[in-house]
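Residue numbers (this note's numbering): 241 to 381.
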């Protein structure tokens with residue numbers, strides 16, 4: 241676990257910039273649930289990290305604004321009974337969040353119009369539907 245967190249092929253977060261906290265986890269665990277600190281909180285100071293290129297940092301800070309507390313992104317994992325498994329889950333979750341936040345924006349949508357055939361098919365289907373409903377009426381009109 242001493243190696244960095246690989247986010248993309250060109251971006252790896254150094255292990256020294258990650259902070260882990262452990263606490264007691266709720267959920268499954270049997271007799272050991274009250275004695276082991278298996279819950280993991282993994283924190284990364286995105287705003288102050290020197291290893292993030294500036295345009296990437298700005299995009300990630302903007303996209304993760306709702307999850308950041310003073311520029312720090314925190315992820316928790318407590319779904320496994322073992323602390324090691326929770327550490328791995330937290331690292332994977334943090335990497336996925338950072339990867340998604342750093343992804344380039346999608347290409348802008350080019351507005352299109354429906355074709356003449358599509359308009360005609362839609363209107364023909366509307367006429368068929370209204371005729372079907374008209375045929376179901378009992379009063380004749």
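We put the CB at the ideal spot given by N, CA and C, even for glycine.
What is the residue span of the alpha helix (DSSP H) that residue i lies within?
{"i": "residue 372", "result": "356-376"}
{"i": "residue 338", "result": "323-342"}
{"i": "residue 295", "result": "294-303"}
Would you kindly report the start and end of the unbroken beta strand (DSSP E) that includes residue i?
{"i": "residue 317", "result": "312-317"}
{"i": "residue 260", "result": "258-263"}
{"i": "residue 279", "result": "279-285"}
When you compare only the Cα positions, how much space is there between residue i and residue j?
{"i": "residue 295", "j": "residue 277", "result": "38 Å"}
{"i": "residue 366", "j": "residue 348", "result": "32 Å"}
{"i": "residue 378", "j": "residue 351", "result": "45 Å"}
{"i": "residue 292", "j": "residue 286", "result": "8 Å"}
{"i": "residue 369", "j": "residue 332", "result": "51 Å"}
{"i": "residue 341", "j": "residue 243", "result": "22 Å"}
{"i": "residue 375", "j": "residue 353", "result": "33 Å"}
Taking the alpha-carbon of residue i as reference, which of the options has the nearest alpha-carbon?
{"i": "residue 343", "options": "335, 349 and 289", "result": "335"}
{"i": "residue 308", "options": "297, 318 and 317", "result": "297"}
{"i": "residue 284", "options": "249, 375, 353 and 310", "result": "310"}
{"i": "residue 258", "options": "250, 315 and 249", "result": "315"}
Under 8 Å by Cβ, that's how I've got residue i and residue j pegged, so tell me the actual separation to the nearest angstrom.
{"i": "residue 247", "j": "residue 339", "result": "5 Å"}
{"i": "residue 329", "j": "residue 319", "result": "6 Å"}
{"i": "residue 245", "j": "residue 260", "result": "The Cβ separation is near 11 Å, so there is no contact."}
Does the ligand ATP have even one heavy atom less than 7 Å from the beta-carbon of residue i?
{"i": "residue 306", "result": "As far as ligands go, the structure on display features none, and thus does not contain the ligand ATP."}
task: Would you be able to state if there are at least three C-beta pairs under 8 Å between the stretch 246-259 and the stretch 298-309?
output: no
- request: Check whether the stretch 355-371 touches the stretch 320-330, taking contact to mean three or more Cβ pairs, one atom from each stretch, closer than 8 Å.
  value: no
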